[in-house]
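Asker: Please see the structure below; I have some questions.
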Amino acid sequence: ALVRRFLSMEKLIRPEALPDVKLATNAIEEESMRDGHRQVNIDPGYLSQAHLILATGKGYTHRPYLRDGIYADLTLIYQGKKFHALPWTYPDYADERQLAMLGAIRSRYLLQLKTAEPA
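Have a look at this one:
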């Protein structure tokens, strides 16, 4: 049975680092393969005040190219004090429980921004 986990990292990353993160998670996925089949699927992304972006290796109309074969997938937008799914949002991310969880992570993120030292 498929087990899903959503993880939020405490350390903030810059959006331009997303392709590097995706390439690293691709390597983890490859290392964990058994008999040519993936055992894990890792979808890294970043959350901002305005949206949730996931990294993907598949291009599409709503996925601008970043670099090194990696595209940005606009997955959710934040409007009216909550996250909203888009027509192409995967059901896992459109679920009301996940939207609420991501809203809580966004609140923590905003607190982190207030206390972060300038780069």
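Per this note's numbering, the sequence shown starts with residue 20, numbered consecutively.
C-beta atoms are modelled at their ideal positions from N, C-alpha and C, and glycine is treated no differently.
From R87 to L93, what does the alpha carbon distance come to, in whole angstroms?
Answerer: Position 68 of the sequence shown holds residue 87. Position 74 of the sequence shown holds residue 93. Looking at the sequence provided, one finds Asp at residue 87 rather than Arg. Rounded to the nearest angstrom, the two C-alpha atoms are 18 Å apart.
Asker: Would you mind reading off the limits of the beta strand (DSSP E) that contains D92?
Answerer: Walking along the sequence shown from the start, residue 92 turns up at place 73. Note, D92: beta strand (DSSP E), 89–98.
Asker: Grab me the residues of G76's own chain with a C-beta within less than 8 Å of its C-beta, minus the 5 sequence neighbours each way, in chain order.
Answerer: Position 57 of the sequence shown, counted from the start, is the residue given in the question as residue 76. Excluding sequence neighbours, G76 sits near K41, N45, G88, I89, Y90.
Asker: In the DSSP assignment, what are the bridge partners of K101?
Answerer: The residue you call residue 101 lines up with position 82 of the sequence shown. According to DSSP, which records beta bridges pairwise, K101 is partnered with Q98.
Asker: Could you give the first and the last residue of the continuous beta strand (DSSP E) run that contains G64?
Answerer: Translated into positions along the sequence shown, residue 64 becomes position 45. Where G64 is concerned, the enclosing beta strand (DSSP E) stretches over 64–66.
Asker: Would you kindly report the start and end of the unbroken beta strand (DSSP E) that includes L71?
Answerer: Reading the sequence shown from its first residue, position 52 is the one you call residue 71. Per DSSP, L71 belongs to the beta strand (DSSP E) from 70–75.
Asker: If you run the structure through DSSP and keep just helix, strand and coil, what is L132?
Answerer: Working through the sequence shown from its first residue, we reach residue 132 at position 113. In the structure shown, L132 adopts helical secondary structure according to DSSP, grouped into three states.
Asker: For Y109, would you say it is in contact with chain B, using Cβ-to-Cβ distances shorter than 9 Å as the test?
Answerer: Within the model displayed, chain B is absent; a lone protein chain is all it includes.
Asker: Which residue comes first and which comes last in the alpha helix (DSSP H) that contains L85?
Answerer: Within the sequence shown, the letter at position 66 stands for residue 85. Here L85 belongs to no alpha helix (DSSP H); instead the beta strand (DSSP E) covers 84–86.
Asker: Around the C-beta of Q117, are 16 or more other C-beta atoms found within 10 angstroms, so that it is buried, or is it exposed?
Answerer: Counted from its first residue, the sequence shown places residue 117 at position 98. Per the 10 Å Cβ criterion, buried.
Asker: What is the C-beta distance between L121 and L66, in whole angstroms, given that I count them as a contact (C-beta under 8 Å)?
Answerer: One-based indexing of the sequence shown puts residue 121 at position 102. One-based indexing of the sequence shown puts residue 66 at position 47. Going by Cβ atoms, the distance from L121 to L66 rounds to 7 Å, so yes, they are a contact pair.
Asker: Classify R116 as helix, strand or coil using the three-state DSSP reduction.
Answerer: Position 97 of the sequence shown, counting from 1, holds the residue named residue 116. In this structure, R116 counts as helix in the three-state DSSP scheme.
Asker: Name the residue from F102, R23, L37 whose alpha carbon lies nearest to the alpha carbon of Y144.
Answerer: Residue 144 lies beyond the stretch modelled for the chain, which goes from 20 to 138, so this question has no answer here.
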